[in-house]
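Colleague:
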Ligand SMILES: [Zn+2]
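Residue numbers (this note's numbering): 52 to 400.
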């Protein structure tokens with residue numbers, strides 16, 4: 052969905068592949084828990100689902116299938132981002148605007164205890180519309196420990212008519228005590244056929260980008276819109292044949308050092324994953340369009356060498372958010388990969 056400064060402007064959608072979950076949830080209205088935790092993989096549409104559910108809770112005239120009407124006062128306030136009975140809690144970095152001068156605000160990745168404490172008066176007061184109040188945490192796995200403990204206190208003594216709607220990618224990132232106080236609802240990703248059908252309606256039909264996104268259609272759209280995506284084929288061409296004249300790793304690292312390092316890390320990690328799969332006789336997961344190239348490479352590659360390189364690249368994930376010399380890190384990855392391929396070529400000649 053579109054957002055402007057964290058304010059919803061378009062009615063959140065419920066995707067086809069989540070309709071069954073939606074229907075079963077709506078039919079249990081009378082047994083609605085005071086805290087509900089939606090979980091599912093990145094880019095599968097779970098935040099949109101949770102937002103649609105929160106809007107439904109505040110809608111004054113939901114339709115027969117439970118969807119918010121989009122026109123009542125409750126819906127209008129919700130869409131404009133100022134429903135008096137709704138609170139959305141995000142990490143500071145997600146709420147900061149580009150103009151925000153406060154650096155700590157722009158870089159705050161974690162929800163602080165202060166943000167949760169501010170909820171206390173909201174949940175204790177009676178609702179403005181004499182209905183429900185909704186607390187929405189679309190990134191619940193970003194609660195820091197103190198904030199999670201503070202939230203736990205509220206969840207232990209739930210005030211009447213308050214529904215907490217939490218969303219997270221991995222349940223393991225939430226305190227077990229928070230998980231146990233929420234009703235957990237898994238939101239599955241679509242199967243490949245449904246995802247492709249949806250992408251074609253969205254005019255982004257491109258099976259290779261869906262594969263790169265691990266089958267997650269919303270992530271696929273995000274990938275396709277990234278300017279970096281235009282470099283993908285060049286990077287893959289090099290990975291298929293890094294021994295090309297005039298394309299040595301140091302030169303390529305210099306050329307690609309302007310591309311976001313996290314994105315290059317993502318591509319390289321997935322490429323190495325596919326090579327490992329290929330070595331074990333499995334079909335590639337992320338780069339199916341390069342199936343033949345992967346097959347040709349893995350015929351000669353050493354599986355143990357691949358695993359070592361892949362682990363070392365995976366380890367570097369933790370340094371990606373730190374200020375560092377992008378070119379040096381990239382050089383290190385490319386040199387490691389070059390050495391692996393060069394060795395495999397020597398062993399066959
Ligand atoms: Zn409504």
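Every residue gets a Cβ at the ideal spot worked out from N, C-alpha and C, and that includes glycine.
1) Considering residue 87, what are the terminal residues of the alpha helix (DSSP H) in which it resides?
2) Out of 226, 344 and 183, state which residue places its alpha-carbon closest to the alpha-carbon of residue 290.
3) In angstroms, rounded to a whole number, what distance separates the CA positions of residue 304 and residue 312?
4) How many Å lie between residue 354 and residue 363 at the Cα?
5) Any contact between the stretch 255–264 and the stretch 219–233? By contact I mean 3 or more CB pairs, one from each, below 8 angstroms.
6) With respect to the beta strand (DSSP E) encompassing residue 188, which residues constitute its N-terminal and C-terminal limits?
7) On the CB-based measure, 16 or more other CB atoms within 10 Å of its CB, does residue 55 come out buried or exposed?
8) At the level of alpha carbons, what is the spacing between residue 335 and residue 140?
9) Measuring straight from C-alpha to C-alpha, what distance separates residue 251 and residue 235?
10) What residues match up with residue 235 in a beta bridge as DSSP calls it?
11) Once you ignore the five residues that flank residue 82 on each side, which residues in its own chain have a CB closer than 8 angstroms to its CB?
12) Quick check: what's the CA-CA separation for residue 368 versus residue 188?
13) For residue 270, collect the residues of the same chain with a Cβ closer than 7 angstroms to its Cβ; drop the 5 residues on either side in sequence, then sort them by chain order.
14) What residue range does the beta strand (DSSP E) around residue 138 cover?
15) Could you name the residues that DSSP lists as bridge partners for residue 219?
16) Below 9 angstroms between beta carbons: does that hold for residue 170 and residue 191?
17) State the CB to CB distance for the pair residue 180 and residue 136, rounded to an integer number of angstroms; the pair is presumed to be in contact (CB under 8 angstroms).
18) So if DSSP puts residue 461 in a beta bridge, which residue, or which two residues, is it bridged to?
19) I need the straight-line Cα distance from residue 229 to residue 198, nearest angstrom please.
20) Based on the DSSP secondary-structure assignment, which residues constitute the bridge partners of residue 214?
21) Check whether the Cβ atoms of residue 100 and residue 133 lie closer than 9 angstroms to each other.
22) With DSSP as the reference, label residue 271 as helix, strand or coil.
23) For a cutoff of 9 angstroms on Cβ pairs, would you count residue 322 as touching chain B?
24) How should residue 346 be labelled, buried or exposed, when 16 other C-beta atoms within 10 angstroms of its C-beta is the threshold for buried?
25) I'd like to check one pair, residue 341 with residue 325: are the Cβ atoms closer than 9 angstroms?
26) Taking the C-alpha atoms as reference points, what is the distance between residue 65 and residue 361?
Modeller: On the basis of the coordinates in this document:
1) Counting along the chain, residue 87 falls outside any alpha helix (DSSP H), though it belongs to the beta strand (DSSP E) covering 86–90.
2) 344
3) 11 angstroms
4) 14 angstroms
5) With the cut-off at 8 angstroms, the stretch 255–264 and the stretch 219–233 do not touch.
6) 184–188
7) Confidence in residue 55 is poor, its pLDDT being 41 and thus under 50, which makes the residue's placement too unreliable to answer from.
8) About 39 angstroms.
9) Between residue 251 and residue 235, the C-alpha separation is close to 31 angstroms.
10) 88
11) none
12) 26 angstroms
13) 93, 94 and 264
14) 137–139
15) Answer by DSSP bridge pairing, in chain order: 90.
16) no
17) 6 angstroms
18) Any property of residue 461 remains undetermined from this structure, which presents the chain solely from 52 to 400.
19) Straight-line measurement puts the Cα of residue 198 at about 11 angstroms from the Cα of residue 229.
20) 185
21) It is not a contact, given that the beta carbons lie outside the stated cut-off.
22) Three-state result, residue 271: helix.
23) Given the protein chain composition of this structure (a single chain), no chain B is represented.
24) Classification of residue 346: exposed, given that the 10 Å Cβ count is below 16.
25) yes
26) If I take the Cα positions, the gap works out to 37 angstroms.
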